[in-house]
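Everything on this sheet refers to the single structure shown next.
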DNA sequence: CACCGAACCGAAAATATCTTTCATCCGTGA
DNA sequence: TCACGGATGAAAGATATTTTCGGTTCGGTG
């Protein structure tokens, strides 16, 4: 709503005020309407605006000319621009938590905003040295086990799916017993990754511990860098922790954060193993093609 | 971020990407021109834009329609608005694709940025009316089945986990046969949700179809609103489509987008069923507490 | 008070722009 | 190769904008 200086378009209201004295009565009515409700007027045709102001098309066009536009068409475009700017000006107001009676549109906006925030926090907080070390370990690993339970289990599977796609050997475990059983098979050069937001999930810590004790390179992806899980982790990747609210459980933001970390790991590994990763990715894409119907076009 | 008129607003570029696959060659040329230079195109008449893109007026109008506007006139208005916003909003900082030799810190930054972008696009492109209807259906459903394969399967599980947490009956299926077997058990009042980025995954379409034919309320979460899956969907929730690069497969951004939609569904349902959802959430939290060791440190 | 002229104004014609229709063209699959 | 269906653009048709032009009002003047 601020007026810009030399910038074209500038404030229409100001221009209207300046030029008002040199306008005839009907033209003033038009100018006023335009200044008061740019958005509304932008939606109108010459005829519409003429009727609204109780004048004629000719007068509207004359007014547009006076305001410095070649014709009404261009005034209208400028109006649309102005409206859009005003619209975006009164932006955020997303500061509050999601309330029980928020309309669904607000829910969408707030969730998107919060997840964006989570991503930014995570990216800012990540330790690239540890990340790089984890990537190096993964790229060279004979096999990789990933542990995760509940929501984190899905992240574990996501990572596994990706690694498999580029030809690495990876397994996700959400059954603690099987996880431990498998963990003891690991040996130096292998990698074990535990994903847990709280860092205190025993079912995930135990297999990591087993892997750790058998000499595998262990990685913890957690929101609590001082939690028990880090005891057995050679490398710790910290995810961001945002306050959780009644309607937005922690699982939601921790998942977003964990997924970003996982994506970074994946892309990092794909870079390191580009020679084999690129063809593998292409191949998996090919293989899937026939599972899709002919497509929409 | 809705715009003044009925027309869906948000990022035009995102919409172009989403709809591009369903466009013909000439229309793609027009769409591309519009997406690349909104300001320039806003200054052109139909004829002008037709000449610029080497097509005809008819094609330009057709493209405008496909993008959701009643005609070229309105597209032009929207373009003017967009141009104004870009002008004031300054440059969106163009990031290049992730390169094979990018240092890990750049990878983190680029991935975070792209996922944020995906979230914004998704939020802008989502149809809140459909979303609201889906929420209503879910909140009232006797049971809910969710179909998803591969990466989308994880999203399906995520949704299921969340719904279960607030006391709803939900199942995720990734086995196509079992999915169909279960789908035929559905009846009016039940809800079936298919999650597929391409919208052409036969293994996911079949169960949805079965559910559809048995009278369940069917929902499709897809990046292609014109794809086969929507044939059997009462409600369609569109996820955003970002260009995929060699090191960043489509699965990555579609997952981010799908998860946002799923989160919106969940929060929406939690709002509707607040009386039962809040205690249920609290209870599940309690139940998990004992799985965690005494705490940090 | 009647008259005059100038500016104002809007109806309608003229023009530009947008939309629709329809015949043609091109690619595709049998 | 042929037939088909969708994509495409030329041109007709519909709207919107601009221009023209004559009527009207208002202030000044004899």
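Protein chains in written order, with my numbering: chain A, 1056 to 1352; chain B, 1056 to 1352.
Positions of the beta carbon are idealized from the N, C-alpha and C atoms, including for glycine.
Computed from a prediction, not measured in an experiment: that's the story for all the values here.
Check	Outcome
Find the residues of chain B that neighbour residue 1181 of chain A, judging by a C-beta separation of less than 8 Å, and give them in chain order.	1163
Note down, one range per segment and in chain order, each alpha helix (DSSP H) of at least 4 residues found wholly within the segment 1138-1216 of chain A.	1159-1180 and 1183-1195
Where residue 1141 of chain B and residue 1134 of chain B are concerned, what is the direct C-alpha to C-alpha distance, given to the nearest angstrom?	10 Å
Note down, one range per segment and in chain order, each alpha helix (DSSP H) of at least 4 residues found wholly within the segment 1092-1116 of chain B.	1093-1097 and 1101-1107
Counting only Cβ-Cβ distances shorter than 9 Å, please list the residues of the segment 1213-1241 of chain B near chain A, keeping chain order.	1213, 1216, 1217 and 1220
Tell me which same chain residues have a C-beta within less than 6 Å of the C-beta of residue 1170 of chain B, skipping the five on either side of it?	1311
Let's see if you can read the secondary structure: which residues bound the alpha helix (DSSP H) around residue 1075 of chain B?	Residue 1075 of chain B -> no alpha helix (DSSP H), and no H or E assigned at all.
For residue 1393 of chain A, which residues of its own chain have a beta-carbon under 6 Å away from its beta-carbon, when the five flanking residues on both sides are left out?	This structure does not reach residue 1393 of chain A, given that chain A is present from 1056 up to 1352, and the question cannot be answered.
Let me see if you follow: with CB-CB separation under 8 Å, is residue 1082 of chain B close to chain A or not?	no
Check the C-beta distance from residue 1088 of chain B over to residue 1104 of chain B and give it rounded, since I have them as a contact under 8 Å.	7 Å
Are any of the Cβ atoms in chain A nearer than 8 Å to that of residue 1195 of chain B?	no
Where does residue 1322 of chain A land, buried or exposed, given buried means 16+ other C-beta within 10 angstroms?	buried
Can you tell which of B:1080, B:1090, B:1216 and B:1128 has the C-alpha that lies nearest to the C-alpha of residue 1100 of chain B?	B:1128
Taking all protein chains shown into account, decide if residue 1270 of chain A is buried (16 or more other Cβ within 10 angstroms of its Cβ) or exposed.	exposed
State the Cα-Cα distance for the pair residue 1118 of chain B and residue 1082 of chain B, rounded to the nearest angstrom.	6 Å
Taking only beta-carbon positions, decide if residue 1322 of chain A is within less than 8 Å of chain B.	yes
Which of the three DSSP states is assigned to residue 1292 of chain B in this structure?	strand
Are the segment 1285-1295 of chain B and the segment 1234-1241 of chain B in contact at 8 Å, needing three or more beta carbon pairs?	no
I believe residue 1214 of chain B touches residue 1315 of chain B by the beta-carbon criterion, under 8 Å. Please report the beta-carbon distance rounded to the nearest angstrom.	Contact flag wrong, Cβ pair sits at about 12 Å.
Going along the chain, which residues of the segment 1256-1281 of chain B sit with their C-beta nearer than 9 Å to a C-beta in chain A?	1256, 1257, 1258, 1260, 1279 and 1281
With DSSP collapsed to three states, give me the class of residue 1248 of chain A.	strand
Against chain B, with Cβ distances strictly below 8 Å, would residue 1105 of chain A count as a contact?	no
Using DSSP with H/G/I as helix, E/B as strand and the rest coil, what is residue 1089 of chain B?	helix
DSSP three-state call for residue 1228 of chain B: helix, strand or coil?	strand
Whole angstroms are fine: how far does the CA of residue 1192 of chain B sit from the CA of residue 1146 of chain B?	Low per-residue confidence applies at residue 1146 of chain B: pLDDT is 47, beneath 50, and the placement is therefore not dependable, though the value from the model is reported in the following sentence. If I take the Cα positions, the gap works out to 41 Å.
What are the boundary residues of the alpha helix (DSSP H) that includes residue 1265 of chain B?	1257-1268
Please report whether the beta-carbon of residue 1335 of chain A lies at a distance below 8 Å from any beta-carbon of chain B.	no
So who's on the other strand from residue 1274 of chain A, going by DSSP bridges?	A:1248 and A:1290
Taking the DSSP output, what are the residues bridged to residue 1243 of chain A?	A:1245
Using CA atoms only, rank isn't needed, just tell me which of B:1328, B:1280 and B:1071 is closest to residue 1182 of chain B.	B:1280
Using a C-beta cutoff of 8 Å, does residue 1248 of chain B count as contacting chain A?	no
Nearest chain B C-beta to residue 1315 of chain A closer than 8 Å, yes or no?	yes
Take residue 1317 of chain B and list the residues in its own chain whose beta-carbon comes closer than 7 Å to its own, dropping the five residues that flank it on each side.	1210, 1213 and 1214
Is it the case that the Cβ atoms of residue 1227 of chain A and residue 1324 of chain A are separated by a distance below 8 Å?	no
Taking the straight line between their C-alpha atoms, what separation do you get for residue 1131 of chain A and residue 1098 of chain B?	12 Å
Output, in chain order, the set of chain A residues within a Cβ distance shorter than 8 Å of residue 1138 of chain B.	1136
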